[in-house]
Amino acid sequence: MAVHALPRDLAETTAAYDRRRRNELLFFGAVVLALAALPLAVRDVYAQNVIVLTLMYAALSQSWNILGGYCGQISLGHALYFGIGAYTTSLLYTKAGILPWFGMLAGGLLAAALALALGYQLFRLAGHYFSIATIVIAEAGLLLVHNWDWAGAATGIQWPYVPDSWATFQFGRDKLPYIYFALGLFVVTWLVTFLIEGSRWGYWWRAVKDNADAAQSLGVMIFKSKMAAAAVSAFFTAVGGSFYAAFVSYIDPESVMAFQFSLLMALPAVLGGIGTLWGPALGAAILIPMTEVTRSYLGGSGRGIDLIVYGALIMVVALARPQGLVSLFTRRPAPKV
Amino acid sequence: MIPPLLSVEGVSRRFGGLAAVSEVSLSVGPGEIVGLIGPNGAGKSTLFNLIAGAIPVSAGTIRFEGEDITGLSAPDRCRRGIARTFQVVKSFDSMSVLDNVVVGALVRHPHASRARLKAAEVLDFAGLAGRAAAPAGDLTPPEKRRLEVARALATEPKLLLLDEVMTGLTPAEAQKGVELVRRVRETGVTVLMVEHVMEIVMPLVDRAFVLHLGRELAHGKPADVARDPGVVAAYLGDRRRAA
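Chains as they are written, first to last, in the working numbering: chain F, 1 to 337; chain Z, 338 to 580.
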């Protein structure tokens, strides 16, 4: 027989929530400090390169997770937003001399605007149809850029060689600035997700994902929720694309807009735990170094082998831990208040 | 006379050639518990979906507090003060029990921290406070029904639509459900409930409204309705034969 709960327990119910949130933030702080110290211990340029890419994909996958994981709209066309960031920044810099920092913002805003325009049409589609449409649109974008002479068409855009400078965000050999920027990007995307998770949007998005009919009956604006998630997700994906362009100083359509990038944004979240705060980072920390290692061991002979390894890994996780690897670390039943 | 809280005026809904609901009119006064009963396929759930705004009407008008809400979407009707539960439980299974209820509370309390307090309060009212931290997917079926009611109550409705909340419960659980509905009414919420199990509805409701093949068959006090020859033939009669 259930005893009637006392008001004290009510306070306890919400206090438990506040405690969990604070602990999550403290843990995040500790992880960021450890990551900030990492490049001081790892001096090898190749390894530092891997760190940059891992942090970048952690941030990108977290951005993808906002729309795909929290709001449940599985996009397989995020390469489009990544490419928009990379191209906007590169074009503004090489054609008009506008510094990449402004290009980054412009690319983010442009991608968010495009996400809203596409979402206006695409969010009428349900489930798999939405995912298929995102693939098709991203491929169409790739073809357009391929044939756009002013933007370098298939040859792409080479950034000019300039002395090391924070203004142009160009550093010839030094990887540290890129590591810290990528870490910053990861911190921002994580914090944005953390704040959203505790806010009205976070509840609305998860409700939309779990059951749209029930959400609607509880006053949730489904369409508005999806649009907001798409815009935030696209913005940060494009910022990541801008960063990547500055990091490699040379882009062409295939190197920033290929379908593979869409997969590389979705897979870490799926592997680590979709719709969770730590899933994308955990997934990226496993997948990206693994890719780089298989690539360097196999050289040119094993093209695509990294993708086979991904596939195998995802299958194992899907069978053994459908909620992703993050669920290994939460006590069962998950103490989520 | 007090104006009705909800009035359904000549409402019809067709699915292709099938008229699921035909020219139904009914009204629910403030503070009432009204039962909507009828055999399977009578159109009860369709009528519910029309009132909640989940599907549009083919004809007719729905008024809430005297205002025409026929054209309003489900979220807008929720904001006006109509909340519902679902016949097939639709909990947010990736979220905790508390978070499920917070989604409802956000309608009146846009700040999540305030909504969480409200949700904790409603969970306590619904007798689920002890399960606040559990994932919604882990609840037992009767608990899930309670969660549905709690989530709807968190929107602070004036009218609560309960769609077969007692179905599948043991008599003891159903009795607890009946108590919950009574306590809901005591807080000033009007209740319109679809129910299959006559033994549960009849003692609980002030008035009963019988639907058969999409049309009104009878309405009035539960005892009168139960004696109505048409109702006995269409509904109770069938049951006796089946039993």
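Yeah, the Cβ is synthetic: ideal placement off N, Cα and C, and Gly gets one too.
None of these values were measured; they are calculated from a predicted model.
Counting other Cβ atoms within 10 Å of its Cβ, Leu-195(F) stays below 16 and is therefore classed as exposed. Within its own chain, the residues whose Cβ lies closer than 8 Å to the Cβ of Asp-430(Z), once the five positions on either side in sequence are excluded, are Pro-472, Ala-473, Gly-474, listed in chain order. Counting only runs of 4+ residues, the alpha helix (DSSP H) found wholly inside the stretch 427-505 of chain Z occupies 434-442, 449-462, 478-490, in chain order.
Assignment of Ser-242(F) by DSSP, reduced to helix, strand and coil, places it in the helix class. Look at Ser-217(F) here: in three-state DSSP terms it is helix.
Between Phe-259(F) and Ala-215(F), the alpha-carbon positions lie close to 33 Å from each other. Residue contact with chain Z for Leu-328(F): absent (no Cβ-Cβ distance below 7 Å to any residue of chain Z).
Within chain Z, no residue has its beta carbon less than 7 Å from that of Arg-43(F); the closest one is some 43 Å off. At a beta-carbon threshold of 7 Å, the residues of chain F lying near Leu-443(Z) are Arg-200, Tyr-203, ordered along the chain. Excluding five sequence positions before and after Ser-344(Z), the CB atoms of its chain that fall closer than 6 Å to its own CB belong to Ser-364, Arg-400, given in chain order. For Ala-106(F), the enclosing alpha helix (DSSP H) covers residues 100-122. Close CB contacts of Met-265(F) within its chain, under the 8 Å cut and outside five residues either way in sequence, are with Tyr-57, Leu-60, Ser-61, Ser-63, Trp-64, His-78, Ala-79, Phe-82, Thr-237 (chain order).
Restricting attention to beta strand (DSSP E) runs no shorter than 3 residues, the stretch 262-291 of chain F encloses none. Taking C-alpha positions only, Thr-13(F) is separated from Ser-199(F) by approximately 17 Å. His-556(Z) places its beta carbon 7 Å or farther from that of Gly-375(Z). Beta-bridge pairing by DSSP links Ser-364(Z) to Ser-344(Z).
Chain F places no beta carbon closer than 7 Å to that of Phe-401(Z), leaving this residue out of the contacts.
Excluding its 5 nearest sequence neighbours in each direction, Lys-381(Z) has C-beta neighbours in its own chain below 7 Å: Leu-373, Gly-375, Val-531, Leu-548, listed in chain order. With respect to chain Z, the C-beta atom of Leu-191(F) has no partner C-beta closer than 7 Å.
The continuous alpha helix (DSSP H) containing Phe-385(Z) extends over residues 381-389. The shortest C-alpha to C-alpha distance from Leu-35(F) to any of Ser-255(F), Ile-274(F), Gly-184(F) is the one to Gly-184(F). Below the 9 Å Cβ cutoff, chain F contributes Tyr-203, Arg-206, Ala-207, Asp-210, Lys-336 as neighbours of Met-432(Z), in chain order. Considering only Tyr-70(F), Met-227(F), Phe-102(F), the residue with the shortest C-alpha distance to Tyr-120(F) is Met-227(F). Exclusion of the five residues before and after Leu-67(F) leaves Gln-73, Ser-75, Ala-229, Ala-230, Ser-233 as the residues of its chain whose Cβ lies within less than 7 Å of its Cβ. DSSP lists Arg-400(Z) as the beta-bridge partner residues of Asp-405(Z). Taking the beta carbon of Arg-453(Z) as reference, the chain F residues within 7 Å of it are Thr-14, Tyr-17, listed in sequence order. Buried is the label assigned to Val-502(Z), since at least 16 other Cβ atoms lie within 10 Å of its Cβ.
Nearest to Leu-355(Z) by alpha-carbon distance, out of Ser-395(Z), Leu-342(Z), Ile-339(Z), is Ser-395(Z). Among the residues facing chain F, Arg-417(Z) is not included, as its CB has no counterpart in that chain under 7 Å away.
Contact check for Ile-84(F) against Gly-103(F) fails: the beta carbons are separated by 7 Å or more.
Taking a contact as a CB-CB distance under 8 Å, the pair Trp-204(F) and Ser-217(F) does not count as one, their CB atoms being some 13 Å apart. For Gln-512(Z), DSSP records no beta bridge to any residue. Judged by DSSP in its simplified three-state form, Glu-553(Z) adopts strand. Closer than 9 Å at the C-beta level to chain Z, one finds these residues of the stretch 212-228 of chain F: Asp-213, Ala-214, Ala-215, Gln-216, Ser-217, Leu-218, Gly-219, Val-220, Met-221, Ile-222. DSSP places Ile-74(F) in no alpha helix (DSSP H); its state is neither H nor E.
For the stretch 181-229 of chain F, the continuous alpha helix (DSSP H) assignments of 4+ residues that do not extend past its boundaries occur at 200-210, 212-217, in sequence order.
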